[in-house]
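Notes to accompany the following structure.
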Amino acid sequence: MGMNVTEQHGRPVRALLAVLVALAMPLMGVSAAHAAMSAGTRVSAWSPSMTTGGPSFENQTIRMVVHPSVAGSEARITLSNRYSAQPLRVAAAVVAVQASGGAAEPGTTRHLTFGGSDQVTIAAGEETVSDTVPIPVETEQNLLVSLYLPEATGTSTWHSDAFDTTYVSNGDHASDDSAAAFTSASTSWYYLAGLNVEPATAHGTVVAFGDSITDGYHSTTGTYTRWPDFLARRLADEPGPQKLSVVDAGIGGNRVLTDVPNPWQGVSALKRFRHDALGQPGVSDVILFEGINDIGNNAGPDGGPLTAQDLIDGYRTLIDQAHAAHVRAIGATLMPDKGNGYYTPAAEEIRQSVNGWIRSSGAFDGVIDFDRVMRDPADPAALNPEYDSGDHIHPDDAGMRAMADAVDLRLLHP
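Mapping of the sequence shown onto mature numbering (1 follows the signal peptide of the UniProt record, and there is no 0): residues -35 to -1, 1 to 379, in sequence order.
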(Lines of atoms letter the chains of each structure in order from A and count residues from 1; the text may use other names and numbers.)
(Lines give C-alpha, C1' and ligand atoms only; values in the text may rest on other atoms or scores of the structure.)
Protein backbone atom coordinates (compact mmCIF):
# COMPACT_ATOMS: atom_id res chain seq x y z
CA MET A 1 0.00 0.00 0.00
CA GLY A 2 1.16 3.56 -0.61
CA MET A 3 1.95 5.88 2.25
CA ASN A 4 -0.78 8.15 3.58
CA VAL A 5 0.57 11.37 2.14
CA THR A 6 -1.33 13.70 4.46
CA GLU A 7 0.18 12.02 7.50
CA GLN A 8 3.62 11.82 5.92
CA HIS A 9 3.88 15.59 5.79
CA GLY A 10 2.76 16.25 9.32
CA ARG A 11 6.31 17.01 10.49
CA PRO A 12 7.01 20.26 12.36
CA VAL A 13 7.50 23.40 10.32
CA ARG A 14 11.18 23.93 9.56
CA ALA A 15 12.80 27.26 10.26
CA LEU A 16 15.91 26.60 8.21
CA LEU A 17 16.44 28.88 5.22
CA ALA A 18 16.97 27.62 1.76
CA VAL A 19 19.85 28.55 -0.46
CA LEU A 20 19.65 27.87 -4.15
CA VAL A 21 22.32 26.96 -6.64
CA ALA A 22 22.22 24.00 -9.11
CA LEU A 23 22.97 20.24 -9.54
CA ALA A 24 25.87 18.68 -11.36
CA MET A 25 24.59 17.24 -14.62
CA PRO A 26 25.83 17.48 -18.21
CA LEU A 27 24.62 20.69 -19.81
CA MET A 28 23.52 21.19 -23.38
CA GLY A 29 26.08 22.86 -25.59
CA VAL A 30 26.17 26.62 -25.16
CA SER A 31 25.81 27.40 -28.84
CA ALA A 32 22.85 25.04 -29.16
CA ALA A 33 21.18 26.52 -26.09
CA HIS A 34 21.51 30.05 -27.40
CA ALA A 35 20.39 29.13 -30.89
CA ALA A 36 17.25 27.61 -29.41
CA MET A 37 16.61 30.63 -27.23
CA SER A 38 17.11 33.17 -30.01
CA ALA A 39 14.90 31.11 -32.32
CA GLY A 40 12.15 31.24 -29.72
CA THR A 41 11.65 27.48 -29.62
CA ARG A 42 11.32 26.63 -25.93
CA VAL A 43 11.38 28.16 -22.51
CA SER A 44 10.82 26.71 -19.07
CA ALA A 45 7.40 27.81 -17.81
CA TRP A 46 7.61 26.07 -14.41
CA SER A 47 10.29 23.99 -12.73
CA PRO A 48 10.86 23.16 -9.05
CA SER A 49 14.21 21.85 -7.84
CA MET A 50 14.08 18.25 -6.69
CA THR A 51 15.63 16.45 -3.71
CA THR A 52 15.54 13.05 -2.03
CA GLY A 53 13.58 11.66 0.91
CA GLY A 54 9.98 11.69 -0.33
CA PRO A 55 7.32 9.08 0.54
CA SER A 56 6.67 5.88 -1.38
CA PHE A 57 3.64 5.33 -3.61
CA GLU A 58 2.00 2.14 -4.89
CA ASN A 59 -1.09 1.82 -7.12
CA GLN A 60 -1.80 5.52 -6.64
CA THR A 61 -2.38 8.56 -8.82
CA ILE A 62 -0.67 11.84 -7.96
CA ARG A 63 -2.31 15.01 -9.31
CA MET A 64 -0.15 18.13 -9.09
CA VAL A 65 -0.88 21.79 -9.81
CA VAL A 66 1.42 23.58 -12.26
CA HIS A 67 1.37 27.39 -12.36
CA PRO A 68 3.01 28.48 -15.65
CA SER A 69 4.77 31.82 -15.84
CA VAL A 70 4.44 32.17 -19.61
CA ALA A 71 1.99 31.13 -22.32
CA GLY A 72 2.48 28.61 -25.10
CA SER A 73 0.69 26.54 -27.71
CA GLU A 74 2.22 23.19 -26.81
CA ALA A 75 3.97 21.70 -23.82
CA ARG A 76 5.98 18.82 -22.48
CA ILE A 77 6.91 17.74 -18.98
CA THR A 78 10.10 16.56 -17.32
CA LEU A 79 9.90 13.63 -14.92
CA SER A 80 12.79 13.13 -12.51
CA ASN A 81 13.95 9.98 -10.75
CA ARG A 82 17.35 11.53 -9.96
CA TYR A 83 17.18 11.02 -6.22
CA SER A 84 15.54 7.60 -6.11
CA ALA A 85 17.26 4.24 -5.67
CA GLN A 86 15.06 2.14 -7.96
CA PRO A 87 13.41 2.45 -11.38
CA LEU A 88 10.13 4.36 -11.58
CA ARG A 89 7.30 3.08 -13.77
CA VAL A 90 4.74 5.68 -14.82
CA ALA A 91 1.78 3.86 -16.36
CA ALA A 92 -0.17 7.00 -17.28
CA ALA A 93 0.65 10.70 -17.49
CA VAL A 94 -2.06 13.26 -18.20
CA VAL A 95 -2.14 17.05 -18.40
CA ALA A 96 -5.31 19.15 -18.24
CA VAL A 97 -6.46 22.66 -17.43
CA GLN A 98 -7.47 23.02 -13.77
CA ALA A 99 -11.13 23.83 -13.12
CA SER A 100 -10.80 24.15 -9.34
CA GLY A 101 -8.98 22.18 -6.69
CA GLY A 102 -8.19 18.72 -8.03
CA ALA A 103 -10.85 18.87 -10.77
CA ALA A 104 -9.94 19.24 -14.44
CA GLU A 105 -11.80 21.37 -16.96
CA PRO A 106 -13.82 18.90 -19.08
CA GLY A 107 -12.50 18.49 -22.60
CA THR A 108 -8.97 19.71 -21.83
CA THR A 109 -7.36 16.38 -20.91
CA ARG A 110 -4.29 15.41 -22.96
CA HIS A 111 -2.54 12.06 -22.55
CA LEU A 112 1.23 12.37 -22.58
CA THR A 113 3.52 9.94 -24.38
CA PHE A 114 7.21 9.16 -24.11
CA GLY A 115 8.84 8.18 -27.37
CA GLY A 116 5.36 7.36 -28.62
CA SER A 117 4.48 5.11 -25.67
CA ASP A 118 1.77 5.94 -23.14
CA GLN A 119 3.96 4.71 -20.28
CA VAL A 120 7.60 4.98 -19.31
CA THR A 121 10.12 3.45 -16.93
CA ILE A 122 12.78 5.85 -15.64
CA ALA A 123 16.01 4.37 -14.32
CA ALA A 124 17.26 5.34 -10.87
CA GLY A 125 19.18 8.60 -11.05
CA GLU A 126 17.74 9.57 -14.43
CA GLU A 127 15.18 11.95 -15.93
CA THR A 128 12.97 11.82 -19.00
CA VAL A 129 11.05 14.35 -21.08
CA SER A 130 7.64 13.62 -22.58
CA ASP A 131 6.73 14.06 -26.20
CA THR A 132 5.25 17.44 -27.04
CA VAL A 133 1.48 17.70 -26.73
CA PRO A 134 -0.69 20.49 -28.19
CA ILE A 135 -2.44 22.26 -25.34
CA PRO A 136 -3.14 25.98 -24.90
CA VAL A 137 -1.03 27.15 -21.97
CA GLU A 138 -1.96 30.57 -20.63
CA THR A 139 0.14 32.66 -18.29
CA GLU A 140 -0.90 31.91 -14.69
CA GLN A 141 -3.70 29.55 -15.76
CA ASN A 142 -3.14 26.46 -13.65
CA LEU A 143 -2.66 23.05 -15.21
CA LEU A 144 -3.03 19.66 -13.53
CA VAL A 145 -0.47 16.94 -14.20
CA SER A 146 -1.55 13.45 -13.09
CA LEU A 147 0.79 10.46 -12.81
CA TYR A 148 -0.38 6.90 -12.18
CA LEU A 149 2.26 4.85 -10.35
CA PRO A 150 1.21 1.18 -10.35
CA GLU A 151 4.18 -0.31 -8.49
CA ALA A 152 5.89 0.46 -5.18
CA THR A 153 8.23 3.36 -5.86
CA GLY A 154 10.44 3.35 -2.80
CA THR A 155 11.68 6.72 -1.57
CA SER A 156 10.53 9.32 -4.07
CA THR A 157 12.26 12.21 -5.79
CA TRP A 158 10.30 15.27 -4.68
CA HIS A 159 10.13 18.94 -3.84
CA SER A 160 9.05 19.01 -0.22
CA ASP A 161 7.66 22.53 0.20
CA ALA A 162 5.39 23.27 -2.76
CA PHE A 163 3.13 25.81 -1.01
CA ASP A 164 0.42 24.39 -3.21
CA THR A 165 -1.92 21.41 -2.92
CA THR A 166 -1.20 18.01 -4.48
CA TYR A 167 -4.04 15.48 -4.70
CA VAL A 168 -3.61 11.70 -4.30
CA SER A 169 -5.97 8.81 -5.08
CA ASN A 170 -5.80 5.05 -4.84
CA GLY A 171 -5.81 3.31 -8.22
CA ASP A 172 -5.62 4.80 -11.70
CA HIS A 173 -7.60 8.04 -11.89
CA ALA A 174 -5.18 9.99 -14.08
CA SER A 175 -7.83 10.60 -16.74
CA ASP A 176 -10.63 11.61 -14.37
CA ASP A 177 -12.02 15.12 -14.74
CA SER A 178 -13.56 14.78 -11.31
CA ALA A 179 -11.56 15.10 -8.10
CA ALA A 180 -13.84 12.71 -6.21
CA ALA A 181 -11.29 9.88 -6.09
CA PHE A 182 -8.54 12.14 -4.78
CA THR A 183 -9.21 11.78 -1.07
CA SER A 184 -5.68 12.49 0.22
CA ALA A 185 -3.58 15.61 -0.15
CA SER A 186 -0.14 17.00 0.57
CA THR A 187 1.82 20.18 -0.09
CA SER A 188 4.70 18.64 -2.06
CA TRP A 189 5.47 17.79 -5.69
CA TYR A 190 6.62 14.30 -6.66
CA TYR A 191 8.74 13.34 -9.68
CA LEU A 192 7.43 16.30 -11.72
CA ALA A 193 10.45 18.51 -12.39
CA GLY A 194 9.32 20.83 -15.14
CA LEU A 195 6.93 22.10 -17.77
CA ASN A 196 8.39 23.75 -20.82
CA VAL A 197 6.44 25.36 -23.60
CA GLU A 198 6.85 26.63 -27.12
CA PRO A 199 5.46 30.16 -27.16
CA ALA A 200 4.91 32.28 -30.23
CA THR A 201 7.91 34.34 -29.17
CA ALA A 202 10.36 33.64 -26.36
CA HIS A 203 13.02 35.94 -25.03
CA GLY A 204 14.37 33.53 -22.41
CA THR A 205 14.03 31.99 -18.98
CA VAL A 206 14.98 33.72 -15.73
CA VAL A 207 15.92 31.32 -12.93
CA ALA A 208 15.44 32.52 -9.34
CA PHE A 209 17.99 30.43 -7.49
CA GLY A 210 18.00 30.34 -3.71
CA ASP A 211 16.79 28.96 -0.42
CA SER A 212 13.54 29.00 1.55
CA ILE A 213 12.90 32.70 0.93
CA THR A 214 12.90 32.00 -2.81
CA ASP A 215 10.99 28.74 -2.27
CA GLY A 216 8.20 30.77 -0.65
CA TYR A 217 8.41 29.81 3.01
CA HIS A 218 5.62 31.68 4.90
CA SER A 219 3.93 32.78 1.68
CA THR A 220 0.23 31.91 1.58
CA THR A 221 -0.32 28.40 0.20
CA GLY A 222 -2.02 28.30 -3.18
CA THR A 223 -1.86 32.04 -3.84
CA TYR A 224 1.44 32.17 -5.77
CA THR A 225 2.88 34.99 -3.71
CA ARG A 226 6.53 34.01 -3.69
CA TRP A 227 8.82 36.78 -4.86
CA PRO A 228 9.54 34.93 -8.16
CA ASP A 229 5.76 34.79 -8.76
CA PHE A 230 5.47 38.55 -8.35
CA LEU A 231 8.51 39.03 -10.60
CA ALA A 232 6.92 36.84 -13.28
CA ARG A 233 3.79 39.03 -13.19
CA ARG A 234 5.84 42.18 -13.63
CA LEU A 235 7.60 40.68 -16.64
CA ALA A 236 4.33 39.39 -18.13
CA ASP A 237 2.84 42.89 -17.88
CA GLU A 238 5.65 44.46 -19.91
CA PRO A 239 4.61 45.76 -23.34
CA GLY A 240 5.56 43.89 -26.47
CA PRO A 241 5.15 40.31 -27.64
CA GLN A 242 8.41 38.87 -26.30
CA LYS A 243 8.16 37.58 -22.76
CA LEU A 244 10.56 36.24 -20.16
CA SER A 245 9.49 33.23 -18.13
CA VAL A 246 10.49 32.87 -14.47
CA VAL A 247 11.15 29.57 -12.72
CA ASP A 248 11.70 29.09 -9.00
CA ALA A 249 14.79 27.03 -8.15
CA GLY A 250 14.62 27.61 -4.40
CA ILE A 251 14.96 24.85 -1.82
CA GLY A 252 14.26 25.47 1.85
CA GLY A 253 17.35 25.09 4.03
CA ASN A 254 19.69 24.86 1.04
CA ARG A 255 23.29 26.07 1.29
CA VAL A 256 25.86 27.32 -1.20
CA LEU A 257 28.87 25.34 -0.02
CA THR A 258 27.74 22.17 1.74
CA ASP A 259 25.01 19.56 1.57
CA VAL A 260 22.34 19.81 4.26
CA PRO A 261 21.96 16.85 6.68
CA ASN A 262 18.18 16.88 6.13
CA PRO A 263 17.92 15.21 2.70
CA TRP A 264 14.84 17.13 1.54
CA GLN A 265 16.84 20.36 1.79
CA GLY A 266 19.14 19.35 -0.99
CA VAL A 267 22.72 19.07 -2.05
CA SER A 268 24.79 22.24 -2.12
CA ALA A 269 24.37 24.95 -4.71
CA LEU A 270 27.81 24.09 -5.99
CA LYS A 271 26.53 20.61 -6.85
CA ARG A 272 23.11 21.50 -8.25
CA PHE A 273 23.64 24.78 -10.08
CA ARG A 274 24.49 23.29 -13.48
CA HIS A 275 21.37 21.14 -13.49
CA ASP A 276 18.78 23.23 -11.64
CA ALA A 277 19.71 26.61 -13.13
CA LEU A 278 21.84 26.28 -16.24
CA GLY A 279 19.96 23.21 -17.46
CA GLN A 280 16.67 25.08 -17.85
CA PRO A 281 15.38 25.43 -21.44
CA GLY A 282 16.07 28.91 -22.76
CA VAL A 283 17.90 30.11 -19.65
CA SER A 284 19.21 33.64 -20.11
CA ASP A 285 19.63 34.93 -16.54
CA VAL A 286 20.09 33.46 -13.08
CA ILE A 287 19.33 35.51 -9.97
CA LEU A 288 21.60 34.09 -7.26
CA PHE A 289 20.15 34.77 -3.81
CA GLU A 290 21.58 32.38 -1.30
CA GLY A 291 24.05 32.09 1.57
CA ILE A 292 22.14 32.91 4.74
CA ASN A 293 21.91 29.22 5.67
CA ASP A 294 25.67 28.87 5.33
CA ILE A 295 26.10 31.87 7.62
CA GLY A 296 23.42 30.92 10.13
CA ASN A 297 24.84 27.41 10.51
CA ASN A 298 28.47 28.63 10.47
CA ALA A 299 28.97 25.94 7.84
CA GLY A 300 32.39 26.26 6.25
CA PRO A 301 33.33 24.17 3.21
CA ASP A 302 35.52 21.68 5.11
CA GLY A 303 33.46 21.30 8.25
CA GLY A 304 35.11 24.22 9.99
CA PRO A 305 33.82 27.74 10.71
CA LEU A 306 32.60 29.81 7.78
CA THR A 307 34.36 32.93 6.54
CA ALA A 308 33.06 35.60 4.19
CA GLN A 309 35.78 34.60 1.74
CA ASP A 310 34.43 31.04 1.67
CA LEU A 311 31.07 32.30 0.41
CA ILE A 312 32.68 34.72 -2.01
CA ASP A 313 34.74 31.88 -3.49
CA GLY A 314 31.55 29.84 -3.86
CA TYR A 315 29.81 32.69 -5.64
CA ARG A 316 32.75 33.11 -8.01
CA THR A 317 32.55 29.42 -8.93
CA LEU A 318 28.85 29.75 -9.77
CA ILE A 319 29.38 32.98 -11.71
CA ASP A 320 32.11 31.31 -13.76
CA GLN A 321 29.81 28.38 -14.53
CA ALA A 322 27.06 30.75 -15.66
CA HIS A 323 29.38 32.78 -17.85
CA ALA A 324 30.84 29.64 -19.43
CA ALA A 325 27.27 28.80 -20.47
CA HIS A 326 26.71 32.37 -21.79
CA VAL A 327 24.18 32.99 -19.01
CA ARG A 328 24.06 36.23 -17.05
CA ALA A 329 24.52 35.98 -13.27
CA ILE A 330 22.60 38.56 -11.21
CA GLY A 331 23.63 38.79 -7.54
CA ALA A 332 21.23 39.58 -4.70
CA THR A 333 22.30 40.84 -1.29
CA LEU A 334 21.43 38.76 1.78
CA MET A 335 18.60 40.09 3.92
CA PRO A 336 18.85 40.83 7.68
CA ASP A 337 17.74 38.32 10.32
CA LYS A 338 18.19 39.92 13.74
CA GLY A 339 15.78 38.29 16.18
CA ASN A 340 16.01 34.93 14.43
CA GLY A 341 18.08 32.09 15.89
CA TYR A 342 20.58 32.48 13.07
CA TYR A 343 21.62 35.93 14.23
CA THR A 344 24.86 36.54 16.13
CA PRO A 345 27.21 39.52 15.94
CA ALA A 346 29.79 37.31 14.21
CA ALA A 347 27.25 36.08 11.66
CA GLU A 348 26.14 39.66 11.01
CA GLU A 349 29.73 40.66 10.33
CA ILE A 350 29.99 37.94 7.67
CA ARG A 351 26.68 38.99 6.11
CA GLN A 352 27.79 42.59 5.88
CA SER A 353 31.13 41.60 4.34
CA VAL A 354 29.47 39.36 1.77
CA ASN A 355 26.91 42.04 0.87
CA GLY A 356 29.66 44.60 0.47
CA TRP A 357 31.40 42.31 -2.00
CA ILE A 358 28.19 41.59 -3.93
CA ARG A 359 27.53 45.33 -4.31
CA SER A 360 31.03 46.50 -5.19
CA SER A 361 33.09 43.68 -6.71
CA GLY A 362 31.70 43.87 -10.24
CA ALA A 363 31.76 40.06 -10.38
CA PHE A 364 28.03 39.83 -11.12
CA ASP A 365 26.38 41.11 -14.28
CA GLY A 366 23.98 43.08 -12.11
CA VAL A 367 22.94 43.43 -8.48
CA ILE A 368 19.56 43.43 -6.70
CA ASP A 369 19.86 45.00 -3.25
CA PHE A 370 17.27 43.05 -1.27
CA ASP A 371 19.04 44.01 1.97
CA ARG A 372 18.50 47.72 1.38
CA VAL A 373 14.83 47.28 0.46
CA MET A 374 13.88 44.84 3.21
CA ARG A 375 15.79 46.05 6.28
CA ASP A 376 14.26 48.00 9.16
CA PRO A 377 15.22 51.68 8.76
CA ALA A 378 15.43 51.93 12.56
CA ASP A 379 17.56 48.77 12.92
CA PRO A 380 19.33 47.75 9.69
CA ALA A 381 20.33 44.36 11.13
CA ALA A 382 16.63 43.43 11.36
CA LEU A 383 13.91 42.78 8.81
CA ASN A 384 11.41 45.60 8.33
CA PRO A 385 8.41 44.77 10.59
CA GLU A 386 6.07 45.68 7.71
CA TYR A 387 7.46 42.71 5.77
CA ASP A 388 8.24 40.25 8.58
CA SER A 389 6.26 36.98 8.59
CA GLY A 390 6.99 36.69 12.30
CA ASP A 391 10.17 34.61 12.38
CA HIS A 392 12.39 37.64 11.57
CA ILE A 393 13.97 36.05 8.52
CA HIS A 394 11.21 35.13 6.04
CA PRO A 395 9.05 37.85 4.46
CA ASP A 396 5.27 37.71 4.41
CA ASP A 397 3.32 38.15 1.17
CA ALA A 398 3.77 41.93 1.24
CA GLY A 399 7.49 41.45 1.72
CA MET A 400 7.63 39.04 -1.20
CA ARG A 401 5.98 41.67 -3.39
CA ALA A 402 8.44 44.32 -2.20
CA MET A 403 11.33 42.04 -3.15
CA ALA A 404 10.00 41.55 -6.68
CA ASP A 405 9.38 45.29 -7.00
CA ALA A 406 13.04 45.88 -6.09
CA VAL A 407 14.22 44.13 -9.26
CA ASP A 408 15.22 46.60 -11.98
CA LEU A 409 13.78 44.83 -15.02
CA ARG A 410 16.44 46.42 -17.19
CA LEU A 411 18.89 43.96 -15.62
CA LEU A 412 17.05 41.20 -17.45
CA HIS A 413 17.04 43.00 -20.82
CA PRO A 414 20.72 43.64 -21.56
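Note that the Cβ used here is the ideal one computed from N, Cα and C, for glycine as well.
Remember, it's a predicted structure, so these values are computed and weren't measured experimentally.
Straight-line measurement puts the Cα of Thr186 at about 27 Å from the Cα of Val248. Taking each of Val31, Gly136, Pro164, Thr97 in turn and checking the Cα distance to Tyr155, the smallest one comes out for Val31. Here Ser95 really is in contact with Leu77; their C-beta atoms are around 4 Å apart, less than 8 Å. The C-beta of Pro342 has fewer than 16 other C-beta atoms within 10 Å across all chains shown, which makes the residue exposed.
Between the C-alpha atoms of Glu70 and Ala144 there is a straight-line separation of about 11 Å.
Spatial neighbours of Val162 in its own chain (CB-CB distance under 6 Å, excluding positions within 5 residues in sequence) are listed in chain order as Ala10, Gly37, Ala40, Val102.
The three-state reading of DSSP puts Pro266 in coil, since its state is none of H, G, I, E or B. Rounded to the nearest whole angstrom, the C-alpha separation of Ile323 and Arg293 is 15 Å. Excluding five sequence positions before and after Ile315, the CB atoms of its chain that fall closer than 6 Å to its own CB belong to Ile260, Ala273, given in chain order. With 16 or more other Cβ atoms from the protein chains shown falling within 10 Å of its own Cβ, Ser49 counts as buried. Bridge pairing for Phe174: Ala214, Leu253 [DSSP]. DSSP, read as helix, strand or coil, puts Pro33 in coil.
Apart from sequence neighbours up to five positions away, no residue of its chain approaches His378 with a beta-carbon distance below 7 Å. Within the same chain, and ignoring the five residues on either side of Ala264 in sequence, the residues whose Cβ sits closer than 8 Å to its Cβ are Arg220, Leu222, Thr223, Asn258, Leu271.
Pro193 is positioned such that its CB atom lies no closer than 8 Å to that of Thr170. The secondary-structure analysis by DSSP pairs Thr93 across a beta bridge with Leu44. Look at the beta carbons and you see the stretch 190 to 205 not touching the stretch 230 to 246: under three pairs across the two are nearer than 8 Å.
Around Pro350, the same chain offers Asp341 as residues with beta carbons nearer than 8 Å, after the five sequence neighbours per side are excluded.
When rounded, the separation of the alpha-carbon atoms in Ser21 and Pro206 is 43 Å. Ser134 is the residue among Ser134, Leu160, Ala139 whose C-alpha sits nearest the C-alpha of Ser149. Distance between Arg281 and Gln25, taken at the CA atoms: about 44 Å. Judged by pairs of C-beta atoms under 8 Å, the stretch 301 to 315 touches the stretch 351 to 369, as three or more such pairs exist. A contact between stretches requires three or more CB pairs, one per stretch, nearer than 8 Å, and the stretch 115 to 132 meets this requirement with the stretch 51 to 60.
The C-alpha of Leu196 is placed about 37 Å away from the C-alpha of Gly269.
Inclusion of Thr43 and Ala201 in the CB contact set at 8 Å is not warranted, their separation being larger than that value.
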